[in-house]
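Those protein sequence lines, which keep their order, are chains A and B.
Take this note's numbering: the last position of the first sequence gets the number 561, and nothing is skipped along the way.
Take this note's numbering: the last position of the second sequence gets the number 561, and nothing is skipped along the way.
Ideal Cβ placement from N, Cα and C applies to all residues, glycine included.
Treat the numbers as computed from the prediction; the structure is a model and nothing was measured.
2 protein chains.
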Amino acid sequence: MQNSSRLITILRICSFLVLLYSLSMPLPVFVGLLFGEHHLHGFLITFAFAFIAGLLGWQLTGRDEMNLKTRDGFLVAVLFWVIFSAISTMPLYLDSRLGLSLTDAIFEGVSGITTTGASVLDDIDHLPKSILFYRAQLNFLGGLGIIVLAIAVMPFLDIGGAKLYQSEMPGPMKEEKFTPRLTDTARDLWMIYAGLAACGMVAYRLAGMNWFDAVCHSLSTVSLGGFSTHADSLGYYQNPAIELVGGTYSILAALNFSLYFLALHRRSLRPIFHNSEARFFMLIISLVITLVCLELARTQTFALPQAFVHGFFQTASIMTDNGLGAAHYPDWPAHIVILLLGASFFGGCVGSTAGGIKAMRFLLLYRLSSQEIKQLIHPDAVFRTKVGRHSVSDRVIRSVWALFFLYIFFSCAFVWGLMIIGHDFATAFGTVAACINNMGVGYGDTAAGFGPLKEPGKWLMCVAMIFGRLEIFPILIVFSRTFWRF
Amino acid sequence: MQNSSRLITILRICSFLVLLYSLSMPLPVFVGLLFGEHHLHGFLITFAFAFIAGLLGWQLTGRDEMNLKTRDGFLVAVLFWVIFSAISTMPLYLDSRLGLSLTDAIFEGVSGITTTGASVLDDIDHLPKSILFYRAQLNFLGGLGIIVLAIAVMPFLDIGGAKLYQSEMPGPMKEEKFTPRLTDTARDLWMIYAGLAACGMVAYRLAGMNWFDAVCHSLSTVSLGGFSTHADSLGYYQNPAIELVGGTYSILAALNFSLYFLALHRRSLRPIFHNSEARFFMLIISLVITLVCLELARTQTFALPQAFVHGFFQTASIMTDNGLGAAHYPDWPAHIVILLLGASFFGGCVGSTAGGIKAMRFLLLYRLSSQEIKQLIHPDAVFRTKVGRHSVSDRVIRSVWALFFLYIFFSCAFVWGLMIIGHDFATAFGTVAACINNMGVGYGDTAAGFGPLKEPGKWLMCVAMIFGRLEIFPILIVFSRTFWRF
Ligand SMILES: [K+]
Ligand SMILES: [K+]
Numbered sequence: 076m077q078n079s080s081r082l083i084t085i086l087r088i089c090s091f092l093v094l095l096y097s098l099s100m101p102l103p104v105f106v107g108l109l110f111g112e113h114h115l116h117g118f119l120i121t122f123a124f125a126f127i128a129g130l131l132g133w134q135l136t137g138r139d140e141m142n143l144k145t146r147d148g149f150l151v152a153v154l155f156w157v158i159f160s161a162i163s164t165m166p167l168y169l170d171s172r173l174g175l176s177l178t179d180a181i182f183e184g185v186s187g188i189t190t191t192g193a194s195v196l197d198d199i200d201h202l203p204k205s206i207l208f209y210r211a212q213l214n215f216l217g218g219l220g221i222i223v224l225a226i227a228v229m230p231f232l233d234i235g236g237a238k239l240y241q242s243e244m245p246g247p248m249k250e251e252k253f254t255p256r257l258t259d260t261a262r263d264l265w266m267i268y269a270g271l272a273a274c275g276m277v278a279y280r281l282a283g284m285n286w287f288d289a290v291c292h293s294l295s296t297v298s299l300g301g302f303s304t305h306a307d308s309l310g311y312y313q314n315p316a317i318e319l320v321g322g323t324y325s326i327l328a329a330l331n332f333s334l335y336f337l338a339l340h341r342r343s344l345r346p347i348f349h350n351s352e353a354r355f356f357m358l359i360i361s362l363v364i365t366l367v368c369l370e371l372a373r374t375q376t377f378a379l380p381q382a383f384v385h386g387f388f389q390t391a392s393i394m395t396d397n398g399l400g401a402a403h404y405p406d407w408p409a410h411i412v413i414l415l416l417g418a419s420f421f422g423g424c425v426g427s428t429a430g431g432i433k434a435m436r437f438l439l440l441y442r443l444s445s446q447e448i449k450q451l452i453h454p455d456a457v458f459r460t461k462v463g464r465h466s467v468s469d470r471v472i473r474s475v476w477a478l479f480f481l482y483i484f485f486s487c488a489f490v491w492g493l494m495i496i497g498h499d500f501a502t503a504f505g506t507v508a509a510c511i512n513n514m515g516v517g518y519g520d521t522a523a524g525f526g527p528l529k530e531p532g533k534w535l536m537c538v539a540m541i542f543g544r545l546e547i548f549p550i551l552i553v554f555s556r557t558f559w560r561f
Numbered sequence: 076m077q078n079s080s081r082l083i084t085i086l087r088i089c090s091f092l093v094l095l096y097s098l099s100m101p102l103p104v105f106v107g108l109l110f111g112e113h114h115l116h117g118f119l120i121t122f123a124f125a126f127i128a129g130l131l132g133w134q135l136t137g138r139d140e141m142n143l144k145t146r147d148g149f150l151v152a153v154l155f156w157v158i159f160s161a162i163s164t165m166p167l168y169l170d171s172r173l174g175l176s177l178t179d180a181i182f183e184g185v186s187g188i189t190t191t192g193a194s195v196l197d198d199i200d201h202l203p204k205s206i207l208f209y210r211a212q213l214n215f216l217g218g219l220g221i222i223v224l225a226i227a228v229m230p231f232l233d234i235g236g237a238k239l240y241q242s243e244m245p246g247p248m249k250e251e252k253f254t255p256r257l258t259d260t261a262r263d264l265w266m267i268y269a270g271l272a273a274c275g276m277v278a279y280r281l282a283g284m285n286w287f288d289a290v291c292h293s294l295s296t297v298s299l300g301g302f303s304t305h306a307d308s309l310g311y312y313q314n315p316a317i318e319l320v321g322g323t324y325s326i327l328a329a330l331n332f333s334l335y336f337l338a339l340h341r342r343s344l345r346p347i348f349h350n351s352e353a354r355f356f357m358l359i360i361s362l363v364i365t366l367v368c369l370e371l372a373r374t375q376t377f378a379l380p381q382a383f384v385h386g387f388f389q390t391a392s393i394m395t396d397n398g399l400g401a402a403h404y405p406d407w408p409a410h411i412v413i414l415l416l417g418a419s420f421f422g423g424c425v426g427s428t429a430g431g432i433k434a435m436r437f438l439l440l441y442r443l444s445s446q447e448i449k450q451l452i453h454p455d456a457v458f459r460t461k462v463g464r465h466s467v468s469d470r471v472i473r474s475v476w477a478l479f480f481l482y483i484f485f486s487c488a489f490v491w492g493l494m495i496i497g498h499d500f501a502t503a504f505g506t507v508a509a510c511i512n513n514m515g516v517g518y519g520d521t522a523a524g525f526g527p528l529k530e531p532g533k534w535l536m537c538v539a540m541i542f543g544r545l546e547i548f549p550i551l552i553v554f555s556r557t558f559w560r561f
C-alpha cells in the first residue's frame with residue numbers, strides 16, 4: 076500500500092495547490108468591476124470550480140501519511156504545470172468576448188503560466204481590462220511558481236523541499252552557502268519578488284505609463300513573462316525612457332533571486348558583483364548588446380541614440396527571455412534578429428524566472444571546453460573545474476552536459492515538427508526559440524503573434540513551453556519506465 | 076635549443092609530406108594526355124614547385140634530432156591541411172580555362188582536400204577531363220590523409236604516431252583491440268581503402284557509368300568527398316541502379332575502416348555487425364532513410380519506387396557527408412531538406428572519412444543522457460557508462476561533450492557570420508552544414524553550387540571546412556596561449 080499512499084499524497088498536494096491557485100481568480104474580477112465590466116463569469120466559474128475541486132481533493136485524500144520519495148517531486152512538478160495550465164485556460168475559453176478556440180485558449184494559458192508570453196490574441200489594445208490584468212497575473216504567478224512555490228509550499232507539506240528545489244532548478248546552485256530554514260527563505264524570496272515588482276511598477280509609471288499599464292507590465296516583467304497590454308508591446312509608447320526601464324528591469328529580474336536575498340541579508344552589493352554566474356551573465360549580455368547596437372548603427376536601421384535605446388532594450392528583453400518588444404524588431408536586418416533569437420537560448424541566471432539553458436551552465440560549458448584544450452596539450456595533468464571558489468563535482472558536470480544535449484536535441488526536433496506541419500525554416504526556428512526558452516516573441520509567420528501558427532503547431536509549442544519551463548528532465552523522467560518501477 | 080629543434084623537425088615533416096604530395100600531380104597530366112589535352116602546365120608547375128620546395132625543405136632541415144612532443148602532432152595536423160590546401164589550389168588557379176579568382180580557386184582546393192566536395196565551378200560537364208580527374212583525386216587523397224597519412228607517415232618519421240592518430244580522430248576508438256605494428260596497420264588500411272575504391276569503380280561501371288566517370292565517382296565516394304563529373308551529380312544519369320550503388324557505397328565508406336581490417340583478419344563479418352558504433356549508425360541511418368522515403372511519398376514528391384530510390388540514395392549521401400546529389404533534391408519539400416541537412420551533423424563512424432560529429436559520439440551522448448535520467452530517479456546509485464563491452468572513462472566522456480559543445484557553438488557562429496555578410500538564414504544554415512560537416516551540398520543560394528557565395532563567405536567557409544575536418548580542437552589548440560608556452 077506504500078505506492079498507492081504515495082499517489083494519494085501527490086493528489087493531496089496537487090489539490091492543495093489548486094485550492095491555493097483558485098484564490099487568485101477573484102483578482103481580475105475586482106479589476107473588471109473597477110473598470111465597469113459585466114462579463115466576468117469566466118473568472119467566477121473558474122474560481123468556483125477550482126476551489127471546490129481543490130477542497131474536495133484535499134478533504135478526500137486525508138492527511139495521515141506523507142511518505143513521499145524524492146523522485147515524486149518530478150511528478151508533482153509536471154502535474155503542477157499541467158494542472159495550472161488547464162485551470163489558467165478556463166477563464167480565457169469561457170470569455171465569449173475573446174472568441175478563442177479551445178486550442179487557442181490552451182496555448183494562451185500555457186504561455187501565460189509558463190511565463191512564455193506568446194499570444195494568439197489579436198487586437199490586444201481593445202481587450203477587456205480584466206483579461207489584460209489576468210494575463211499579467213498569469214505571468215506573475217507562473218514566475219512565482221518557478222521561484223517560490225517549490226520551496227514555500229513543499230516544505231509545508233513535509234516533502235524534501237530542498238531536493239525538489241534542486242530538481243526544479245538543476246545546476247550548480249550551491250555556490251554561495253544558502254540553506255537557512257526553507258520557509259524563511261521562501262518568504263524572503265517572495266518579498267524580493269514582490270518588492271522588485273513594486274519598484275518596476277513605480278519606474279514604469281515615472282517613465283510615462285498610466286497606472287494600469289504600469290501594474291500589468293511590472294507583473295509581466297518581474298516574471299520575465301512578457302505579456303503586454305498593447306499589440307505593439309512597449310513599442311506602443313514610442314518612449315525611450317520606458318524602453319530603458321524595461322531593459323534594465325529585465326536584466327535585474329534575470330539575476331539569481333537568492334543573490335538579492337544575500338545582498339539584503341548582508342546589506343551589501345558584494346554578493347551580486349562577486350557571483351561568478353552574475354558576472355558571466357553581465358559580460359555576455361553586454362557583449363551581445365554592444366554587437367546589436369553596433370549592427371543597428373552600421374546597417375543604418377536607426378540613428379545612433381535610437382540604435383542604442385532599441386538595441387539595449389530589445390537585446391535585454393529577448394536574451395533574458397522576457398519578450399517585450401519595441402521598434403518593430405522583426406523587421407530589423409535578419410542577422411540581428413537571428414542573433415537575438417539565438418541569444419534567447421542563453422537566458423538569465425539559475426534561480427531567476429528566465430528561460431533558456433542559463434548562464435551558469437554556459438559558464439560551466441565554457442570552462443570545461445577551455446580545460447579540455449589544456450588537457451589535450453598536457454595529457455597527464457589533472458584539472459579541477461571551478462566556478463567561484465568551489466570546485467564542481469562530476470555529478471553536476473554530467474547533469475549540465477546532458478541537459479545541454481537534450482535541449483539542443485529537442486529544439487531541433489521541435490523545429491522539424493513545425494516544418495513538417497508546413498511552416499518555413501525561419502518561422503520554425505523563431506517559434507521554437509520563443510517557446511522552448513519561454514521567451515515569447517516569434518519570427519516569420521509568428522512575428523506579429525502566434526495566431527497564424529497551425530493548430531497542431533500550437534499543441535506542439537505547448538509541449539515545448541512546458542519542456543523548457545521544467546528544463547526537460549522532469550518530463551522525460553515521468554515518462555520513463557524506470558520511474559514507474561516503484 | 077630544444078624548441079627550435081622541434082620547430083625544425085616539424086618543418087622537416089611538412090617538407091616530406093609536400094614532397095610526397097607533389098608526386099600525385101603527374102597523374103592528372105597523364106589523364107589529360109590520354110584525352111588529348113594540351114593545357115596541362117598548371118599541374119606541371121605545381122609538381123615542380125612542390126617537389127623542389129619539399130626536397131629543399133627536407134635537405135635543409137637535416138635529420139639528426141626527432142624529439143617531438145605529443146602535442147606537436149596538433150601543429151603538424153593543422154599545417155598538413157593548410158599546406159596541402161594551398162598546393163591543391165595551384166593547378167586550379169593556374170588553369171586559365173577555369174577562369175577562377177584566387178578566392179574561388181582556394182575554396183575549390185580546400186573543399187577538395189578536406190573531402191567536402193562543395194564546388195564553385197559551373198558548367199562542370201564541360202570541364203577538361205584532367206581537371207575532373209584532379210578533383211576526384213583531391214577527394215581521394217584528402218580521404219587518405221584522414222585515414223592513413225597520420226598513421227603511415229608519422230611513425231616513419233619516428234613520432235608518437237598512435238597519439239597523433241588519437242588527436243586526428245579523438246573519441247573512443249579503442250573499443251576493439253587494435254594496436255598491431257602501426258606500419259602494418261597503415262598498409263592494411265591503405266589496401267582496404269584502395270580495395271573499396273576498386274569495388275566501387277566496378278559497381279558504378281556495371282550500373283551504367285562510363286569508365287572515366289566510374290573512376291572519378293569511385294575516388295570521390297570512397298573518400299566521401301562528393302565531387303562529381305556532372306553539374307547534376309548522379310542525377311545526370313537518371314539511373315536508379317547508379318543511385319542504389321552510390322547510396323550503398325556511401326554507407327560502406329562511412330563505417331570505421333578498422334572494422335574491415337578486423338573482418339579481413341578474422342575472415343568474418345562479426346566485427347562489423349557486433350560493433351556498437353556500426354550498429355548504432357545503421358539504426359539511425361535506417362530510421363532517417365525510412366522517414367525521408369515516407370515523407371517523399373506522403374508529400375507526393377515522387378511515386379513509391381522513385382521515392383524509395385531517391386530517398387535512400389540522398390539520405391545516405393548527405394547523412395554520411397558524401398554529398399553526391401540526384402533528383403534535384405534542393406527542390407524537395409523544405410522539411411525533408413532541413414532534416415537531411417541536420418542529419419549531416421551526425422555523419423558516419425569514427426575512423427572513416429565521414430564528417431560531422433560522428434555516430435560514436437552521439438551514441439555516447441545518448442547513453443549518458445538516458446543514464447542521467449536514471450541517475451535523477453535514483454540519486455544514490457552509481458552508474459558506469461559502457462559502449463560495447465568496455466566502460467568509457469571520464470576523460471573520454473569529457474572530451475566528447477566538449478567537442479559537441481564547441482561544434483554547436485562554432486556552427487552557430489559560422490551561420491551568423493554568413494548572415495552578417497548578407498545571406499539568408501536557410502542559405503547560411505545549409506552552407507555551414509555543407510562545410511563544417513565536409514558534406515558539400517548547400518541550400519538556398521548555394522543549392523546549385525557555391526559560386527553565389529559572397530567573397531568573405533567563401534573565406535569563412537574555408538575556415539569552417541578545416542575546422543570540421545580537424546574536429547575543431549587542433550585549431551583551437553594551435554591558437555591557444557598554453558600551446559606556445561613551450
Ligand atoms: K517570456
Ligand atoms: K563530402
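What residues of chain C sit near residue i, judged by a beta carbon separation below 8 Å?
i	result
F558(B)	No chain C appears in this structure, whose protein chains are A and B.
Taking the alpha helix (DSSP H) that residue i falls in, what are its first and last residues?
i	result
D469(B)	D469 to I496
M165(A)	D147 to L169
N214(A)	K204 to L219
Y311(B)	That residue, Y311(B), is in no alpha helix (DSSP H); it is neither H nor E in DSSP.
R459(B)	Per DSSP, R459(B) belongs to no alpha helix (DSSP H) and is neither H nor E.
M357(A)	S351 to R373
F287(B)	W286 to V297
A338(B)	F332 to R341
With a 10 Å radius around its C-beta and 16 neighbouring C-beta atoms as the bar for buried, classify residue i as buried or exposed.
i	result
A515(B)	Before going on, a small fix: residue 515(B) reads as Gly here, not Ala. Looking at its Cβ environment, which holds 16 or more other Cβ atoms inside 10 Å, G515(B) is buried.
T557(B)	exposed
Q375(B)	exposed
L131(B)	exposed
Measure the C-alpha to C-alpha separation of residue i and residue j and round it to an integer number of angstroms.
i	j	result
S298(A)	T190(A)	7 Å
T121(A)	L202(A)	19 Å
G526(A)	L358(B)	38 Å
I547(A)	M165(B)	52 Å
E352(A)	A328(A)	14 Å
S343(A)	G218(A)	26 Å
A289(A)	A282(A)	9 Å
L25(A)	P346(A)	Residue 25(A) cannot be examined here, being either before or after the span of chain A that is shown, 76 to 561.
W534(A)	D179(A)	9 Å
S468(A)	N285(A)	50 Å
I495(B)	H410(A)	6 Å
G430(A)	N512(A)	5 Å
L440(B)	G422(B)	15 Å
G270(A)	L330(A)	14 Å
H305(A)	K449(A)	52 Å
A401(A)	Q381(A)	11 Å
Between residue i and residue j, which are expected to be in contact by the criterion C-beta below 8 Å, what is the C-beta distance as a whole number of angstroms?
i	j	result
G192(B)	N214(B)	6 Å
Length at least 4, wholly inside the stretch 383-469 of chain A: the alpha helix (DSSP H) runs in chain order: 409-418 and 434-452
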